[in-house]
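What follows is a single structure, written as structure tokens, with notes after it.
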Amino acid sequence: MNKSVYDSPDQVSETKRHILTVLVDNEPGVLARVIGMFSGRGYNIDSLNVAEVSNDENISRITIVTHGTSEVVSQIEKQLLRIVPVHSVTNLDQEGSSVEAEVALVYIYISETNKKKVYQLCDLYRARKIENENNTTIFEIAGSSERVNRFIKEINEITKVEIVRSGPVAISSIKKNEEE
Amino acid sequence: MNNEITGAEIVLKSLAEQGVEVVFGYPGGAVLPIYDTLFKQNSIKHVLVRQEGGAIHAAEGYARSTGKTGVVLVTSGPGATNVVTGLTDAMMDSVPIVCITGQVPQHLIGSDAFQECDTTGITRPCTKHNYLVKDVNKLSSVFHEAFTIAQNGRPGPVLIDIPKDVQFASGTYEEKNKIVIPSHRLFEPSPDFEKNKIEEAVELISKSKKPIFYIGGGCINSGPKASKLVREFINIVGSPVTMTLMGLGVVASSDKNSLGMLGMHGMYEANMAMHECDVMINIGARFDDRVTGRLDAFSPNSKKIHIDIDESNINKTINVDVPIIGDVKQVVEKMIEIWKDNKFQIDDKALKLWWDKITKWKKVDCLNYNNEGNQIKPQYAVQRLYELTKNTKTFITTEVGQHQMWAAQFYKFEQPNRWLTSGGLGTMGYGFPAAIGAQVGHPDALVVDIAGDASILMNIQEMSTAVQYRLPVKIFILNNEYMGMVRQWQELLHGGRYSESYTDSLPDFVKLAESYKATGLRAKTTDDLDDVITQMIETKNTVIADIWVTKEENCFPMIQSGSAHNEMMLSKDQKQDKKSAEKGKILV
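Below you can see the structure in the form of structure tokens.
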């Protein structure tokens, strides 16, 4: 809905965050097809993650975080399914419960005065120091996006940092028949 | 290895196995090996166009008039970029096309080589699927998959980009039946899957008091059987039916149930019936903005059934009550079966009241126009063309603009696949090459491109093609020296400021035709018109008929942008209220 210039401006339902898992054939151009559909039709990508699922089957999993009304997100799912190399699209928010996590690497500017506070906070969040040849203070934190957000907010209050984030990946937590 | 052949030979062998009879194309450096192979064989005919844009529209015209897949062969770089408009056109109107483009050899890809462009990148959003084939041994399987994808589900264009070194390389050919296409890459509708929905829909129709069928191009894409079944079902129900621009011909114009076309320049009775119906049965249409008008006032009190093969069309702009995903012929066949099995009967009394109401709307006579004087009215020209060609097997193509709408309003189609027009993309310059394609597919038929003076100039170079292949295509120009539809909008919405919509220095179309060794005819007044049309039909070669029509005629009725179905403008005198006109101005 709300995709036509003829549409009424009334919002149909509220905008929500959705995590979509898209299984695709691992062939050249497939990622461009997926993100091109988003930009071409004016949809949002908040984050995007691509990795191979299994080597033998040549299938990749694209995890997309987007936001939109339920009408928009349902249209996104259908448009994704039109793409020839797409196997399946799963909206984890509609599947019921799911587990999500992301990783952030944080370069922390450390000094004698803030050292104690930094290490305390990292301990609290179970952020792990990554050893590296230059012995700089780089920490790794994993978990839900909210948790990573909180950590970044608090560490920012202590000192200057540089951050890279992976964006979330997610999986449905519904119990499956394990004999399958 | 003795069973290896070159990539170029694989291309031709794949085309032959797919039953391709004709290829529309234009040679160039990156496709020379394929053209060389083409030279050495006789089974596939090649039609040389004068610009690649003409090739793809010709392939579209061929595909839509024959039901087969249209094939295009062009070179890299500009060859490929020139087909982008046509690919987008085919994408919007769901036309099965396989487009082969040459590419620079692989070791040059990415080096900004001569005539290199990122063809698969450029065409990704305007094809159903595309390929860059790097391995000659995959070439035949790519071709067979491409043809299947182009025709499968909702048809569309597929592009295959082949680097020149792959065309020269040797590899093995695999036959069509050896190729297994994974099911997720195709759409396989199953009528059983939607059985409950179909039952629900049929029951809803049987209980309706004011039903209307709203028929789209999907019924034509589903094949001639679909049209037959749709006609049968509508007859059983006794319901009125309206068709979109793309759906004209699915139900015969002369059918007692037909209300003609709906939408922006559709029939008053069709739009009013859409507005007031209680059950709407959309078969193979997509609630396009030219059809719906203002969405929040679109058919406010109806239950809507939507049959479509493309799930993304469901609830895209209009929310429907009973969505059915499937192929028209399978779904409608099932509907008829269910209707008969349950001995459903529609409420006759209610239906009669509904028809009475429609009859009143018909009396408005929305296509009425002032036909005084001996200057030719464009509407009259189309009417005469219809009267003088209706007993001949005739294909009508159009360009885009006022003449297109007049053709849709005044030419009466009795059969599917006889009407070829660019509906979704609205491509000026479509009609003439499409007519060439239709004529190639139907050498004995009469093919007329109803054109405007502005549109025809967009692909006029194809005159040379038509004459070379002795294709007796007729170009029927409604010449008002304006880009008529642009002028009309400027008159209605922009205070009559005709910014750049008048074409000065038009060619003398008669001399233009003669310079291509075709026949040029001209009608200046109503006295000449019938003679010119008759002469045009009887002439055995390509003809341009330059019909001088009144210059400032507007196309009515019209739903102005931003208005609803029940707010149709029947003539210029009926001014819209200013507020909604201002609102509509920002819309297209």
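Listed in order, the protein sequences are those of chains V and S.
Residue numbers 1 to 180, in the numbering used here, belong to the letters of the first sequence in order.
Residue numbers 1001 to 1588, in the numbering used here, belong to the letters of the second sequence in order.
Here a beta-carbon is modelled for each residue, glycine too, at the ideal position from N, C-alpha and C.
To the nearest angstrom, how far is the alpha carbon of residue i from that of residue j?
i: G42(V); j: G1496(S); result: 34 Å
i: Q1402(S); j: E1199(S); result: 42 Å
i: P1240(S); j: N1282(S); result: 12 Å
i: K1585(S); j: V1023(S); result: 43 Å
i: I152(V); j: E162(V); result: 10 Å
i: G1025(S); j: G143(V); result: 56 Å
i: F1509(S); j: L1446(S); result: 21 Å
i: T1123(S); j: A1451(S); result: 28 Å
i: L1262(S); j: A1270(S); result: 5 Å
i: T159(V); j: I130(V); result: 18 Å
i: H1184(S); j: N91(V); result: 18 Å
i: K1540(S); j: G1249(S); result: 27 Å
i: S1222(S); j: K1329(S); result: 6 Å
i: E1582(S); j: Y1131(S); result: 46 Å
i: R1050(S); j: S1464(S); result: 7 Å
i: V1180(S); j: Q1018(S); result: 15 Å
i: S60(V); j: A101(V); result: 18 Å
i: I1318(S); j: P1378(S); result: 35 Å
Can you check which of these residues, the options, is closest to residue i by C-alpha distance?
i: G1171(S); options: I1537(S), K1013(S), Q1574(S); result: K1013(S)
i: T1081(S); options: V1251(S), K1357(S), G1054(S); result: G1054(S)
i: N1374(S); options: I1056(S), L1529(S), N1177(S), T1525(S); result: T1525(S)
i: E1590(S); options: P1182(S), L1204(S), D1112(S), V1331(S); result: The requested residue 1590(S) does not occur in the structure, where chain S is confined to residues 1001 to 1588.
i: K1256(S); options: T1359(S), P1096(S), V1291(S); result: T1359(S)
i: K1357(S); options: E1276(S), M1091(S), V1237(S), L1229(S); result: E1276(S)
i: Y107(V); options: R128(V), H87(V), S98(V), N91(V); result: R128(V)
i: G1247(S); options: Q1560(S), I1179(S), D1093(S); result: D1093(S)
i: I1236(S); options: E1174(S), Q1345(S), S1258(S), S1299(S); result: Q1345(S)
i: P1507(S); options: L1570(S), E1500(S), D1527(S), I1460(S); result: I1460(S)
i: I174(V); options: V148(V), I83(V), V99(V), G167(V); result: V99(V)
i: I1324(S); options: E1553(S), I1318(S), E1311(S); result: E1311(S)
i: M1091(S); options: Q1409(S), G1110(S), V1104(S), G1070(S); result: G1070(S)
i: H1046(S); options: Y1469(S), T1392(S), H1057(S), I1537(S); result: Y1469(S)
Helix, strand or coil: how does DSSP classify residue i here?
i: R1470(S); result: coil
i: A1564(S); result: coil
i: G1025(S); result: strand
i: V169(V); result: strand
i: M973(S); result: Here chain S covers residues 1001 to 1588 and nothing more, so residue 973(S) does not appear.
i: I1010(S); result: helix
i: V1447(S); result: strand
i: D1528(S); result: helix
i: Y1214(S); result: strand
i: F1395(S); result: strand
i: S60(V); result: strand
i: S1065(S); result: helix
i: S1170(S); result: strand
i: D1036(S); result: helix
i: N177(V); result: coil
i: E1004(S); result: coil
i: S1258(S); result: strand
i: G1070(S); result: strand
Beta strand (DSSP E) containing residue i: first to last residue?
i: H1306(S); result: 1303-1308
i: K1225(S); result: Taken as a continuous stretch (DSSP letters only), K1225(S) belongs to no beta strand (DSSP E), being part of the alpha helix (DSSP H) at 1224-1237.
i: L1048(S); result: 1045-1048
i: G1218(S); result: It is not in any beta strand (DSSP E) - G1218(S) instead sits in the alpha helix (DSSP H) that spans 1218-1221.
i: S98(V); result: 98-108
i: A1523(S); result: 1519-1523
i: E52(V); result: 47-54
i: D1546(S); result: 1543-1548
i: V1241(S); result: 1241-1243
i: H87(V); result: 86-91
i: D1161(S); result: 1157-1163
Alpha helix (DSSP H) containing residue i: first to last residue?
i: M1335(S); result: 1328-1341
i: E1203(S); result: 1195-1206
i: V1291(S); result: 1289-1292
i: R17(V); result: First-last for R17(V): 16-25, but that is the beta strand (DSSP E), not the alpha helix (DSSP H).
Less than 7 Å separating the Cβ of residue i from some heavy atom of the ligand FMN?
i: D1308(S); result: Of ligands this structure carries none, so the ligand FMN is not represented either.
(request) At 3 residues or longer, and completely inside the stretch 1072-1130 of chain S: list those beta strand (DSSP E) runs for me, N to C. (result) 1097-1103
(message) If we require 4 or more residues per run, which alpha helix (DSSP H) segments fall completely within the stretch 115-159 of chain V?
(response) 115-124, 145-158
(request) Quick one: which unbroken beta strand (DSSP E) runs of 3-plus residues sit fully inside the stretch 1454-1505 of chain S? Chain order, please. (result) 1474-1479
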